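**Student:** Attaching a single structure in structure tokens format; questions to follow.
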Ligand SMILES: [Zn+2]
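Numbering (the numbering used here), first residue to last: -9 to 300.
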């Protein structure tokens, strides 16, 4: 088995792992009153790994999901079964998986995909679990995964980084590091700075910290926030990349179907009207909310948003 084959197996098994998680939740994670901020997201992220391993073992597949021993950007690694694994050299490893969870009823601020492009390899994965509390009987609730995203992290990083630049952000280069590092030793190469020149990650240059009290800005890679476009240039970058990059298109479609207000805000009323016309509706409302509700109730409307608008 090579890395691509292992990637395809895990990708095609991820939904089954989510179904098994939901079965487990309904029988074990039953509670009176589901609370947001309960740490349940972290538990679900870990459960995905356990469920995936159970499936891989039962099918006799020669790879397994491993946990990183300490804090890394990637939570899991897909490794060769019963072979020595060295997480510093990636020996024995097929690819890495950064897993994030989002509760549809909660603020997304905690969920970030902020790994730098240079830290990612071709088959590394971004996995996102969208979950909500669902009532499972007259009194009890369980955390249920309602949607998930599994795709190559580099494709999402390309979209994220292009929109970061389109919003006025930059990336540090070793040759012009704000900390005046020796270029051959600069550890900040590739670190994102926001449009005020402040660092977005703790590992960015010290001289670009936000203030004496706030160490870093932490907007970079916010799973919903990274798609926001505050100017026409950013909007055209968003749409161009969506047409050209299938992973970006998948990511945008996924976030927007789970956060429909974000999708509605991305487009003008005139643009939504154009889509409604293309869908052939007889009566088209003039109110933006009704217009959006009309077009998004049709299957494949996201394809039209991608293909017809520039
Ligand atoms: Zn530096």
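Just so it is clear, CB atoms sit at the ideal spot from N, CA and C, and this is done for glycine as well.
Here the structure is a predicted model, which is why all the values come from computation and not from measurement.
1. Under 8 Å, do residue 147 and residue 110 count as touching if we go by C-beta distance?
2. Is residue 222 helix, strand or coil by DSSP?
3. Please identify the residue among 144, 156, 291, 42 whose C-alpha is closest to the C-alpha of residue 236.
4. Does the beta-carbon distance from residue 226 to residue 300 come in below 8 Å?
5. Can you tell me whether residue 155 is helix, strand or coil according to DSSP?
6. Are residue 232 and residue 130 closer than 8 Å when you measure CB to CB?
7. Would you decide whether residue 40 is buried or exposed? Buried here means 16 or more other CB atoms lie within 10 Å of its CB.
8. Can the beta-carbon of residue 104 be found less than 8 Å from the beta-carbon of residue 228?
9. For residue 125, which of 198, -5, 20 has the nearest alpha-carbon?
10. So does residue 177 have its beta carbon nearer than 7 Å to some heavy atom of ligand 1?
11. Is there at least one non-hydrogen atom of ligand 1 closer than 7 Å to the beta-carbon of residue 195?
12. Considering only the beta carbon of each residue, do residue 68 and residue 84 sit closer than 8 Å?
13. Return yes when the Cβ of residue 118 is within less than 8 Å of the Cβ of residue 90, no when it is not.
14. By the three-class DSSP mapping on this structure, what secondary structure does residue 176 have?
**Tutor:** Let me spell this out:
1. Result yes, Cβ atoms of residue 147 and residue 110 sit closer than 8 Å.
2. Helix at residue 222.
3. Nearest of 144, 156, 291, 42 to residue 236, Cα basis: 144.
4. In this structure, residue 300 lies closer than 8 Å to residue 226 by Cβ.
5. Helix at residue 155.
6. A distance of 8 Å or more separates the beta carbons of residue 232 and residue 130.
7. Exposed, since its Cβ has fewer than 16 Cβ neighbours within 10 Å.
8. No Cβ-Cβ contact shorter than 8 Å links residue 104 with residue 228.
9. Ranking 198, -5, 20 by Cα distance to residue 125 puts 20 first.
10. Distances from the CB of residue 177 to the heavy atoms of ligand 1 include at least one below 7 Å.
11. Yes.
12. Taking 8 Å as the cut-off, the Cβ atoms of residue 68 and residue 84 count as close.
13. Yes, Cβ-Cβ distance for residue 90 and residue 118 is below 8 Å.
14. When DSSP states are grouped into helix, strand and coil, residue 176 belongs to the coil group.
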